[in-house]
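Asker: Top line first, the protein sequences correspond to chains A and B.
Residue numbering for the first sequence follows my numbering, beginning at 2 and increasing consecutively.
Residue numbering for the second sequence follows my numbering, beginning at 324 and increasing consecutively.
One structure is given below, represented as C-alpha cells, and several questions about it will come after.
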Amino acid sequence: MGLIKELIKGLRVTGGTMVRTIAGDELVTTQYPKEHRVKPQRFHGRHVLNRYPDGMEKCIGCELCAGACPAQCIYVRGADNDPAHPTSPGERFGFVYEINMLRCIFCGLCVEACPTEAITMTHLFEMSTTNRDDAIYTRETLLMDRSGNVPHMFPDDELADMEELDTADGWLRATAPSGVAAYEGVTMWRGTPGPADWSPEPSQEERDRSSRAAEPSDG
Amino acid sequence: MTWPEFWIVVLRVVLTFGLLLVVTVINVWLERKILADMQSRIGPNRAGPFGILQTVADGLKLFFKESILPRKAELGMYLLAPFLAVVPAFLIFMMVPWGRPFTINGHEVALQGADLNVGLLFILAMSSLAVYAVVLAGWSSGSKYPLLGGVRATAQAISYEAAMGLAMVAVVVFSATQGEGGTLSLSEIVERQSGTWGDAIPALEPVLQFVPRWNVFPQIVAFIIFFLAIVAETNRAPFDLVEAEQEIVGGFHTEYSGMRFAMFFLAEYVNIFSMSAIAATLFLGGWNGPTFDGSVPAFVSGILPTVYFLAKTYFVVFLFFWIRATVPRLRYDQLMQLGWKRLIPGALGWLVLSTLVLSYRQFGVPWS
C-alpha cells in the first residue's frame, strides 16, 4: 500500500507541473533568439569603449588595461590629441585599441584598471565568428557611437527578420552568406551596452531584509 | 464473395490501417509534448504548428540514413526482426472495433479490421509473437548489449503475458454473464457494454442510471492489473528494461539504424496505441456513448462513437505517458517480484473471486 501512496504522490507532482506549465506559470524555457533573458547586473559580456555625454572619448591611451590583462589580449597605442579637435579630454587618446576575444577570459580586470572608466563590460554575448581574424575587435567595433549604441562586429551577418525563425530552416536562410537579398542593410541588433540604464543595486542590508520577508525562518 | 463485399473488406482494412498510422505519428509528438510539459519545458515546436510535423521530419531523417549491417550479425534473422516487430503490432489493432457500423447501399460496414470470433485469443497470440522480434533482434545482432536486452525481454514478456491473459479471462467470464453465452469477439464485448448499469440492475436504477455499463466498474482490479501488464508488455518505462539506455545502451535495437530502427520505433508506438485501444474496448466500453440519434445530423451521430473510442483510448495512452514521466525504472528483481508475487497471484485471486460471485448470482449456492 505504501508503494501505491508513493506512486500517487509522484503522479500528483508531474500532473501538477503539467497543468502549471500549460498555463505558463512554470515554464523555464526562454525561446532564445526571440526572447532575451535579462542578464545579471554584473554580467561580463563583451567590452565597450565609452564616451562622455558630449561625445568625447573617455579612453586616454594610458595602456593600464593592457598591463592589467592577465591573458595579454589587449593592445593599445596612444597618440597625442590634436589641440584644435581633441578626441578625448586628456592629453592623449587611444589611437589603436584591439582586444583579441579568443584570448580574453572576461575577468574584468581591465575595467578595474581603467582610471577614466573608458572600458566597461556590456550584456552582449553573441560573438561567434567564422574567421579567427574577426575575433580581434578593433577600435571601430569597440567604440560606442555618439548616441550610446554599440556597433555590431559583423554588420553583414545580422539577422533581419525574427519571423523567419518560425520556419524550420529559418536560421539557415537568415544567416547564410548567400541568403535572401531582403536582409541586406536591415538590422536586428540590440546595441544597448547595459550600464547606462541600470538601477542601483540593492545593498546587502536591503537584500537580507527582502529575503527574510520572502522566506519565513523555521525557528 | 461478391465484389461489393470485397471492396468493403478492403475499405475496412485501409481505414483501420490509416487511422493507426495517423494516430501513431501524433502519439510520438504527443508523448514528447506531454513529457516536456511535465518537466516545465516546451517540447518540439519547430516543424509545423506546435511542432506537430516533428515525427514526419524524424521519420524522413531515419529513412535517408544508412542502415548499418554489423559484421557479426546473423543476417537472415537480423533483417527479419524489424518486420516481426511491426506486423503483429498492426495485426493487433485490426481486431479492435473503433466505431459504430454504418451502411452504404444496404451493405453494412463495420469499423474494424476483422471481426474474429476468437479476437481476444488472436490478440494474445500476436502480442506473444511480438516478443520474438525483440529476442531475435537481440540475438542476431551479434553484440553483447542487444543480447542482454533480448534475454531480459523473454523473461519479462513471459511473466507479464500471464498476468495480462488472466486479467483478460476475468473480463471474458464477466462478459459471458452479461449476454447470451460467452464470447471472445471484441465487437460482441463492446456491444454488451452499451447502456447503463441501471438497465442491468433494476433494483438500484435511480443511482446507477447515470453510470455507463462499462466493465471497469465491476472489474476495477482486473483493469489495474491489465494496465500494469500492458505497460510491461510494450516495454515502456518504468518496465523498459529491455532497452534501458543507462544500463545496456539501446538494448535489443543497439545495432539497428536507419529505417530498420525506425520500424522498431514504429512498432513500439503502434503497440502503445493498440494496447490502450484494447484496454478501452475491454474495460471502458469501446465506442459506446450517447450519440443523440435523431436530434443531431446523421453524420455527427455516426462519428461520435469514433470520437468516444479515441477519447477513451487516449485516456489510457495519457496514463502511459504520465507513468513514464513519473516513475523511475524498476530493478530487474523488482520487476520479477511485481510480476510473479503480486500481479499473477492478484489476477488469479481476482479471477476466482469474481467467478465465484458471478456463478453465485447466476446459479445460487451449489448445495441448494
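Quick reminder that beta carbons are idealized off the backbone N, C-alpha and C, glycines included.
From a predicted model like this one, the values you see are computed outputs, not experimental measurements.
Could you check where the beta strand (DSSP E) with Ala80 of chain A kicks off and where it finishes?
Answerer: Element bounds for Ala80 of chain A: Ile75 to Asp81.
Asker: Using the Cβ count rule (16 or more neighbours within 10 Å means buried), how would you classify Asp616 of chain B?
Answerer: Its Cβ having fewer than 16 others within 10 Å, Asp616 of chain B is exposed.
Asker: Taking its Cβ as the centre, do 16 or more other Cβ atoms sit within 10 Å of Gly3 of chain A, making it buried, or is it exposed?
Answerer: By the neighbour-count rule (16 or more Cβ atoms within 10 Å), Gly3 of chain A is not buried but exposed.
Asker: Tell me the DSSP bridge mates of Val619 of chain B?
Answerer: In the DSSP output, where bridge partners are listed per residue, Val619 of chain B has B:Asp616.
Asker: Rounded to a whole number of angstroms, what is the C-alpha to C-alpha distance between Met487 of chain B and Ser211 of chain A?
Answerer: Whole-angstrom Cα-Cα distance: 57 Å.
Asker: Determine the burial state of Pro367 of chain B: buried for a count of at least 16 other Cβ atoms within 10 Å of its Cβ, exposed for fewer.
Answerer: With 16 or more other Cβ atoms within 10 Å, it is buried.
Asker: To test your reading of the DSSP string, which unbroken alpha helix (DSSP H) runs of 4 or more residues are found completely within the region 18-98 of chain A?
Answerer: Here the runs fully enclosed are 65-69.
Asker: Just reading off the beta strand (DSSP E) that Thr121 of chain A is part of, what are its end residues?
Answerer: Run containing Thr121 of chain A: Ile120 to Met122, per the beta strand (DSSP E) assignment.
Asker: Please give the ranges of any alpha helix (DSSP H) in the region 414-473 of chain B, keeping only runs that are unbroken, at least 4 residues long and fully inside the region.
Answerer: List check, alpha helix (DSSP H) in window: 442-463.
Asker: Does chain B have any CB closer than 8 Å to the CB of Met19 of chain A?
Answerer: By this cut-off, Met19 of chain A is an interface position.
Asker: Taking 8 Å as the CB-CB cut-off, is Gly25 of chain A touching chain B?
Answerer: Cβ-Cβ to chain B under 8 Å: no for Gly25 of chain A.
Asker: By the 10 Å Cβ neighbour count, where 16 or more other Cβ atoms means buried, how is Ser599 of chain B classified, buried or exposed?
Answerer: It counts as buried.
Asker: Could you tell me the distance, in whole angstroms, from the CA atom of Lys40 of chain A to the CA atom of Lys635 of chain B?
Answerer: Using only the alpha carbons, I get a separation of about 46 Å.
Asker: Run down chain A in chain order and give the residues with a C-beta less than 8 Å from the C-beta of Arg364 of chain B.
Answerer: Simply Thr22, Leu28, Val29 and Thr30.
Asker: Leu8 of chain A versus chain B: which residues are under 8 Å apart at the beta carbon?
Answerer: Within 8 Å Cβ-Cβ: Thr649 and Val650.
Asker: Please report whether the beta-carbon of Ile375 of chain B lies at a distance below 8 Å from any beta-carbon of chain A.
Answerer: No, no contact with chain A.
Asker: May I ask you to report which of helix, strand or coil DSSP gives Tyr138 of chain A?
Answerer: Correct three-state label for Tyr138 of chain A: strand.
Asker: Does Gly91 of chain A get closer than 8 Å to chain B when you measure Cβ to Cβ?
Answerer: No, because no Cβ of chain B sits closer than 8 Å to the Cβ of Gly91 of chain A.
Asker: Whole-angstrom Cβ separation of Met418 of chain B and Gly442 of chain B, contact assumed at under 8 Å?
Answerer: Sure, about 4 Å apart at Cβ, within 8 Å.
Asker: Any Cβ of chain B within less than 8 Å of the Cβ of Leu12 of chain A?
Answerer: Output row for Leu12 of chain A: interface = yes.
Asker: Just confirm the distance between the C-beta atoms of Arg475 of chain B and Leu564 of chain B, as a whole number of angstroms; I'd bet it's less than 8 Å.
Answerer: Contact flag correct, Cβ pair sits at about 5 Å.
Asker: Rounded to the nearest angstrom, what separates Ala183 of chain A and Leu605 of chain B at their Cα positions?
Answerer: Confidence at Ala183 of chain A is low in this model, with a pLDDT of 47, below 50, so its placement is unreliable and the value that follows should be read with caution. Ala183 of chain A and Leu605 of chain B: Cα-Cα distance of roughly 60 Å.
Asker: Which of helix, strand or coil does DSSP assign to Leu589 of chain B?
Answerer: Residue state, collapsed to three classes: helix.
Asker: Check each candidate in B:Ser682, B:Thr339, B:Trp330 and B:Leu344 and name the one with the smallest Cα separation from Leu589 of chain B.
Answerer: The candidate whose alpha carbon is nearest that of Leu589 of chain B is B:Leu344.
Asker: In terms of alpha-carbon separation, which member of B:Val572, B:Ile547, B:Val333 and B:Arg515 lies closest to Arg665 of chain B?
Answerer: The option with the nearest alpha carbon to Arg665 of chain B is B:Ile547.
Asker: Taking 8 Å as the cut-off, decide whether the C-beta atoms of Phe575 of chain B and Gly687 of chain B are in contact.
Answerer: No. Outside cutoff.
Asker: For Thr557 of chain B, does the three-state DSSP call read helix, strand or coil?
Answerer: It is coil, neither helix nor strand.
Asker: Identify the contact partners of Gly16 of chain A in chain B, using a Cβ-Cβ distance below 7 Å as the criterion.
Answerer: Residues of chain B passing the Cβ test: Trp645.
Asker: Check whether the region 451-467 of chain B touches the region 497-506 of chain B, counting contact only when three or more Cβ pairs, one atom from each stretch, lie closer than 8 Å.
Answerer: The answer is no - the region 497-506 of chain B does not touch the region 451-467 of chain B, with fewer than three Cβ pairs under 8 Å.
Asker: Of all the CB atoms in chain A, is at least one closer than 8 Å to the CB of Met417 of chain B?
Answerer: Chain A, which has no Cβ nearer than 8 Å to the Cβ of Met417 of chain B, makes this no.
Asker: Figure out for me which residue from A:Glu36, A:Glu127 and A:Lys59 has the closest Cα to the Cα of Arg140 of chain A.
Answerer: Arg140 of chain A has its Cα closest to that of A:Lys59, out of A:Glu36, A:Glu127 and A:Lys59.
Asker: If you measure from the beta carbon of Phe445 of chain B to each beta carbon in chain A, is any gap under 8 Å?
Answerer: Not an interface residue.
Asker: Just the C-alpha distance for Ser363 of chain B and Ile331 of chain B, rounded to the nearest angstrom, thanks.
Answerer: C-alpha separation (whole angstroms): 47 Å.
Asker: State buried or exposed for Val454 of chain B, treating a residue as buried only when at least 16 other CB atoms are found within 10 Å of its CB.
Answerer: With 16 or more Cβ atoms within 10 Å of its Cβ, Val454 of chain B is classed as buried.
Asker: Buried or exposed: which applies to Tyr592 of chain B, given that a residue is buried once 16 or more other Cβ atoms fall within 10 Å of its Cβ?
Answerer: By the 10 Å Cβ count, Tyr592 of chain B comes out buried.
Asker: Just to confirm the assignment: which complete alpha helix (DSSP H) runs, minimum length 4, are found wholly within the region 343-390 of chain B?
Answerer: Listed in chain order, they are 377-387.
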